[in-house]
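Asks: Before anything else, here's the structure in question.
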């Protein structure tokens, strides 16, 4: 929508300011949220609305997140799942799942750009609404409904297609509309431009150098773990999507919980057998998890999948299974691009009592 008023004041995450001058403003730096709430920097944060996001279980340092969200006057969650954040919220507005709702038209970029549409397949089983309707109703109650000039999903489609020469009926045959028959390729001499200040490939980034960041950082070896500690490394499963599918009845059968990968020789020193429950502790939290003893991990490191260790009784299939990596991790970020440092935490491991 054109001519929308721009927000006034500084962003809570500091993107675009002195704190994070070159981080991507489109994505932001979500890990700064609990710090902004607790420190009231750059201002007090009183309320939070989350949509299809579980910051309690996604942002490192679960206990810090819980303390921060407990400081809010109001927390609202919009989701299709009973997430950790939803369980902790004042109000939950349930969203219809993907088969129960129509969505706004999306763009698939590439040499042959394509518009695609999702149409509702079945009516909602319960008292849920699509997000576009929830957003509209909230806006009306907050006296900003004029910025949501639609009543139905068809209105949204019409607004999106108004200047494209494409009609809603064009999606009927295949569910998508290709905007070009032939691939659209940049002309290397005239049309090819890079998103850098010079428009060229910059081996030495003028943007980074301008803000005092070296383009070629001198290598600095990582601090090794102290005696009796391991570097915690984490990753994702190809079966699950972040923290949103662990309670799915089919996917939970395939990967029901995470395990702690531990080097074979190190496990023997600690008296830990494969499949045995172990206690993992850091300076920030604690977890109980089964050990997976293997030769295929560095002796200074341990590894676990992200997204487990739930504390939500309503998620009956995954509640209490495995351990949460965010309960152990320290909340640190790369101050150039803003990415969270997920492998900066050291943990201690021992057989569970």
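Residue numbers (this note's numbering): 47 to 399.
Where a beta carbon is used, it is the ideal one built from N, C-alpha and C, also for glycine.
(1) Report the rounded CA-to-CA distance for residue 126 versus residue 99, giving the unit in angstroms.
(2) Thinking just about the alpha-carbon of each residue, which of 362, 380, 359, 353 is nearest to the one in residue 108?
(3) Pick out whichever of 110, 136, 371 has its Cα sitting closest to the Cα of residue 288.
(4) Give the range of the beta strand (DSSP E) segment to which residue 198 is assigned.
(5) Note down, in chain order, each residue of its chain lying with its Cβ closer than 6 Å to the Cβ of residue 238, except the 5 sequence neighbours on either side.
(6) Please check the pair residue 163 and residue 217, which I expect to be a contact at CB under 8 Å, by giving their CB distance rounded to whole angstroms.
(7) Report the rounded CA-to-CA distance for residue 245 versus residue 254, giving the unit in angstroms.
(8) Check whether the region 117-135 touches the region 382-396, taking contact to mean three or more Cβ pairs, one atom from each stretch, closer than 8 Å.
(9) Would you kindly check if the distance between the Cβ of residue 85 and the Cβ of residue 101 is under 8 Å?
(10) Unbroken alpha helix (DSSP H) runs of length 4 or more, entirely within the region 118-197: which are they?
(11) Please specify which runs of the beta strand (DSSP E), each continuous and at least 3 residues long, are wholly inside the region 292-318, giving them in chain order.
(12) Which runs of the alpha helix (DSSP H), 4 residues or longer, sit entirely within the region 61-115?
(13) Going by DSSP in three states, residue 222 sits in which element: helix, strand or coil?
(14) With distances taken from CA atoms, which of 150, 159, 188 is nearest residue 176?
(15) Using a Cβ-Cβ cut-off of 7 Å (strictly less than) and excluding sequence neighbours within five positions of residue 147, which residues of its own chain qualify?
(16) To the nearest angstrom, report how far apart residue 206 and residue 283 are at their CA atoms.
(17) Can you have a look at residue 173 and say buried or exposed, based on whether 16 or more other CB atoms are within 10 angstroms of its CB?
(18) Determine which residues share a DSSP beta bridge with residue 335 and list them.
(19) From the DSSP output, in three-state form, read off residue 214 for me.
(20) Work out the CA separation of residue 90 and residue 83 for me, nearest whole Å.
(21) Could you tell me the alpha carbon to alpha carbon distance between residue 225 and residue 186, rounded to whole angstroms?
(22) In the DSSP assignment, the beta strand (DSSP E) including residue 351 goes from what residue to what residue?
(23) Taking just the CA atoms, how far does residue 316 sit from residue 323?
(24) Taking only three categories from DSSP, how would you classify residue 268?
(25) In the DSSP output, what is residue 340 paired with across the bridge?
(26) Assuming residue 373 and residue 334 form a contact by the criterion Cβ under 8 Å, report the distance between their Cβ atoms to the nearest whole angstrom.
(27) Where does residue 61 land, buried or exposed, given buried means 16+ other C-beta within 10 angstroms?
(28) Can you tell me whether residue 207 is helix, strand or coil according to DSSP?
(29) Would you decide whether residue 171 is buried or exposed? Buried here means 16 or more other CB atoms lie within 10 Å of its CB.
(30) Considering only their Cβ atoms, is the gap separating residue 309 from residue 286 smaller than 8 Å?
Replies: Concretely, from the data shown:
(1) 10 Å
(2) 353
(3) 371
(4) Neither: residue 198 is in no beta strand (DSSP E) and is coded neither H nor E.
(5) 232
(6) 5 Å
(7) 15 Å
(8) no
(9) no
(10) 130-134, 177-187
(11) 305-309
(12) 79-85, 101-104
(13) strand
(14) 150
(15) 166, 176
(16) 35 Å
(17) exposed
(18) 324
(19) helix
(20) 6 Å
(21) 35 Å
(22) 347-351
(23) 13 Å
(24) coil
(25) 309
(26) Not confirmed; about 11 Å, so no contact.
(27) buried
(28) helix
(29) exposed
(30) no
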